[in-house]
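Per the working numbering, the very first residue in the sequence shown carries number 31; after that it's consecutive.
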Amino acid sequence: MRHIPRANLFAVIKAFVNGKPVDQIAQEITLPAANQTSHGLYFRLHFFGWSVCVTRPETAKYLLMHTDIFPKLSTTPAQHARRGTVVGKLLLGENVVLLAGKSWKEQRKIVSPAFQRSLPVQVFGKLTQKMVDIMSKEMGAIDVYDITQRWALDVLGEAAFGFHFQALEDRDNEWVTRYNYIIESAQKPLYFIFPSIERHFWSWIPERRKAHQEVSKFLNMMSKMVQEKREALGKTSTDQPSIRENEKDLLTLMIEAEREGQGRLTDEELLSNLCMLFLAGHESTASAVSLIIYHLAVHPDIQQRAREEAIRIFGDNADILPTIEQTRELKYINMVIKETLRISSPGVSMMPRVASQDTELSGVFIPKGTRLAIDMYDLHHNPKVWKNPKQFDPERFAPGGEAEKLGGMPWAPFGGGERQCVGMNFSLIEQRISVSMLLRKYEWCLPEDSIHKEKLVTRAAGIIKPLDLFVLFTKRY
Ligand code: HEM
């Protein structure tokens, strides 16, 4: 791969070891490598191995639209090495995120219709109202990521399988503690980097033994849910007239899709998909909402314009629950959401693809077997793509604005093509409802001593989320 510029290996490893934030890695290491050539490809070491990274809209579109040439790499050596670990037990089963080819198509035929039919606006609205009420009882600055991730967990529990985590009311209850504990355990750097230590010795290490026990309890609970739901739906007709179609939980909708002849998932596959939906949908949406709150806090003029739109559509001075129709009218708030997902997209890089044959990308030779990944952060921050990419400007997404004029796929926080995020619409409506309800109830700003006064500070590993983002909320009514 000598014909493709390379991101300095030692700089990449040093950045990883030192926990350098993604914006610094992009400015100092990856964007300079990418912008050495007009095609914008560069070669780097990822946790899934050496890969060609894509940072230009046309190339991103070509890669995502040609899944026959560039299928998802279904089992990477990194995933294989994690079988039997906490991460492996939770996520590395047969699910729609990891599979490729025929088995992926079969699963997606069941998962997609469930998401097309599901838009639980009442669940979104009811739980946002609960979050708004809880915030009003807190004194002083609020830890925004803490509250949004409790809210997003409650939403997903109800929307995915009708389970009430009650994380908003009681962040220390049994199931919330268990869920947080296993997510934290799955991300422990030592075992993430050296999974063989965990695979061979977990039963000897008390902390790891506890993590495996907690995972088993969590999986047993989910498995029971799957069985109970199958049994309950087996006894009654598939019609549940008391529940509106769009408010049914995803598990119900997936089982119904099976009954309508779309295919069949085994109980293990359903379980694996439910776990994956949690991983894919929980922190990403919590992070997106907390990042919107941040960008609106540092841009009071944009915050006020967004609030005026929410008030125009929902009225003022009284709590309401939005309807689907109303959320479609939130044009400016949607632009704010899109710009937030550009400038601080929760995902940094998409999952790796592999060249299934010798081929070319942007006129560059790519040998069969090469791994490729779209570097979302670099795509969204590349000065060769966007004007003033560091500036937060929702107008980019106005009709006829910059985003529409750029060719290819310049904005890809949810991926694209046939592997596009199945929860995109679900998450966007969830964000529109929560942000508009917050805007009507509160005005907000950063406290004087905020660590984010100069610029957004994010946590280093995993998805992009704010570090210690405390915000002062003032009630409007
Ligand atoms: C702000 C919120 C979200 C972001 C930024 C996001 C981002 C993404 C991205 C970038 C992909 C494509 C990965 C790739 O092609 O390599 C993806 C796929 C996926 N996402 Fe999301 N996602 C979000 C919310 C959700 C939610 C709420 C759910 C479900 C509850 C979800 C479920 C999935 C699933 C199942 C896939 C795999 C689709 C497939 O490969 O067929 N996501 N997401």
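Beta carbons: idealized from backbone N, C-alpha and C, even for Gly.
- Using a cutoff of 7 Å, the CB of GLY377 counts as near the ligand HEM, since one of the ligand's heavy atoms is closer than that.
- For ILE396, the enclosing beta strand (DSSP E) begins and ends at 394-396.
- Closest option to ARG32, judged by alpha-carbon separation, among GLY293, PHE73, TRP416: PHE73.
- In the assembly as shown, VAL47 is an exposed residue. Its beta-carbon has fewer than 16 other beta-carbons within 10 Å.
- Residues of the same chain with a CB within less than 6 Å of the CB of PHE195, apart from the 5 flanking positions on each side, are LEU183, ASP184, GLY187, TRP205, VAL206 in chain order.
- Pairwise C-beta distances place the region 428-438 in contact with the region 86-102, as three or more of them are shorter than 8 Å.
- Of the other Cβ atoms in all chains shown, 16 or more fall within 10 Å of the Cβ of LYS119; this residue is therefore buried.
- Here the distance from the Cβ of MET252 to the nearest heavy atom of the ligand HEM is not below 7 Å.
- When the beta-carbon positions are compared, ILE212 and ALA241 come within less than 8 Å of each other.
- Burial of THR60 is indicated by the presence of at least 16 other C-beta atoms within 10 angstroms of its C-beta.
- Taking 7 Å as the cut-off, the C-beta of MET380 counts as close to a heavy atom of the ligand HEM.
- When DSSP reads this structure, HIS76 sits in a beta bridge with GLY79.
- Looking at the DSSP output, PHE503 sits in a beta bridge with TRP474.
- The alpha carbon of GLY431 has as its nearest neighbour, out of LYS420, CYS451, TRP416, PRO443, the alpha carbon of TRP416.
- In this chain, the alpha helix (DSSP H) harbouring ILE322 covers 297-328.
- In the assembly as shown, PHE444 is a buried residue. Its beta-carbon has 16 or more other beta-carbons within 10 Å.
- Contact between SER302 and ASN125 holds, since their C-beta atoms are separated by about 4 Å, short of 8 Å.
- Taken through DSSP and simplified to helix, strand or coil, ALA340 comes out as helix.
- Its Cα nearest to that of SER166, the residue ASP349 stands out among ALA111, ASP349, ALA336.
- Around ILE343, the same chain offers GLN356, GLU359, LEU360 as residues with beta carbons nearer than 7 Å, after the five sequence neighbours per side are excluded.
- With a threshold of 7 Å, the Cβ atom of CYS451 counts as near the ligand HEM, since some heavy atom of the ligand is closer than that.
- Straight across, the Cα-Cα distance linking GLN152 with LEU499 is about 28 Å.
- By the beta-carbon neighbour count (other beta carbons within 10 angstroms, threshold 16), ASP331 is exposed.
- Placement of the Cβ of THR389 at a distance of 7 Å or more from every heavy atom of the ligand HEM is found.
- A direct Cα-Cα distance of roughly 10 Å separates ALA56 from LEU409.
- Around the beta carbon of PHE77, a 10 Å sphere encloses fewer than 16 other beta carbons of the protein chains shown; the residue is thus reported as exposed.
- Counted as a single uninterrupted DSSP element, the alpha helix (DSSP H) harbouring ARG229 occupies residues 225-231.
- Taking 7 Å as the cut-off, the C-beta of SER386 does not count as close to any heavy atom of the ligand HEM.
- For ALA144, the shortest separation between its Cβ and any heavy atom of the ligand HEM does not lie below 7 Å.
- Taking C-beta separations shorter than 6 Å and ignoring five residues to either side along the sequence, the partners of MET255 in its chain run PHE191, following chain order.
- In this structure, LEU326 is the residue among ARG239, ALA442, LEU326 with its C-alpha nearest to the C-alpha of ASP423.
- The residue from LEU220, ILE177, ASP405 with its alpha-carbon nearest to that of ASP200 is ILE177.
- Taking C-beta atoms under 8 Å as the contact rule, TYR324 and LEU486 qualify, at a distance of about 6 Å.
- Per DSSP, the continuous alpha helix (DSSP H) segment holding ARG372 begins and ends at 361-373.
- Pairing GLN146 with GLU275, the inter-Cα distance amounts to about 11 Å.
- In this structure, DSSP gives VAL84 an extended state, which the three-state scheme calls strand.
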